[in-house]
Amino acid sequence: MVPQLDRSIYALVTDLHERGLNRDVAVVVWGEMGRTPRVGTQRGTTAGRDHWPQAGFALMAGGGLRMGQVVGATDARGEAPKGQAYTPQNVLATLYRVLGIDPATTLPDHQGRPVYLLDDREPVAELL
């Protein structure tokens with residue numbers, strides 16, 4: 093399925109760029125976690141690839157973000173972040189900023205107390 097996904101993302105991003113919409117539209121392809129490079133390496137199973145939750149990915153394009161770069165790295169086995177680690181909250185803070193939403197916005201909880209949209213409101217600096 094990856095070749096089809098790759099062609100689809102390429103077509104979408106290219107079309108947005110050709111139409112001049114790449115500054116107005118953000119595209120995000122986001123995985124929930126990393127996966128081990130081999131089938132069943134963690135628990136001795138053969139049913140699939142195990143989870144490495146410390147290392148995931150997000151592909152971002154458009155939205156006026158600085159493109160053409162890889163941000164972040166993992167160790168040699170792809171298990172854990174190397175250097176600056178970004179979290180899903182950092183990705184959301186970046187997207188909120190693109191959408192014109194202040195990540196420091198608060199909403200009332202059920203008792204009327206203010207709750208921040210995100211606990212970590214720092215965007216991915218390399219993209220801005």
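So for the sequence shown, the working numbering puts the first residue at 93; every next one is plus one. The C-beta atom is built at its ideal place from N, Cα and C for all residues, glycine as well. Small disclaimer: the values here were computed from a predicted structure and weren't measured.
Check                                                                                                             : Outcome
Rounding to the nearest angstrom, what Cα-Cα distance links A177 and V163 in this structure?                      : 10 Å
Identify which residue in M152, D201, G204 and M159 has its Cα closest to the Cα of P180.                         : M152
Under the rule that 16 or more other beta-carbon atoms within 10 Å means buried, what is G160, buried or exposed? : exposed
Just the C-alpha distance for N182 and P206, rounded to the nearest angstrom, thanks.                             : 20 Å
According to DSSP, is D142 part of a helix, a strand, or is it coil?                                              : strand
Do T166 and A147 have their C-beta atoms closer together than 8 Å?                                                : yes
Cα separation between H202 and Y208?                                                                              : 14 Å
Which two residues bound the contiguous alpha helix (DSSP H) that contains V183?                                  : P180 to L191
So G154 and V121 are supposed to be a Cβ contact under 8 Å. How far apart are they, rounded?                      : At roughly 12 Å, the Cβ-Cβ gap does not stay under 8 Å, so G154 and V121 are not in contact.
Under three-state DSSP, which class holds V105?                                                                   : helix
In angstroms with no decimal places, state the Cα-to-Cα distance between M93 and S100.                            : 11 Å
So the beta strand (DSSP E) V121 belongs to, where does it begin and stop?                                        : A118 to W122
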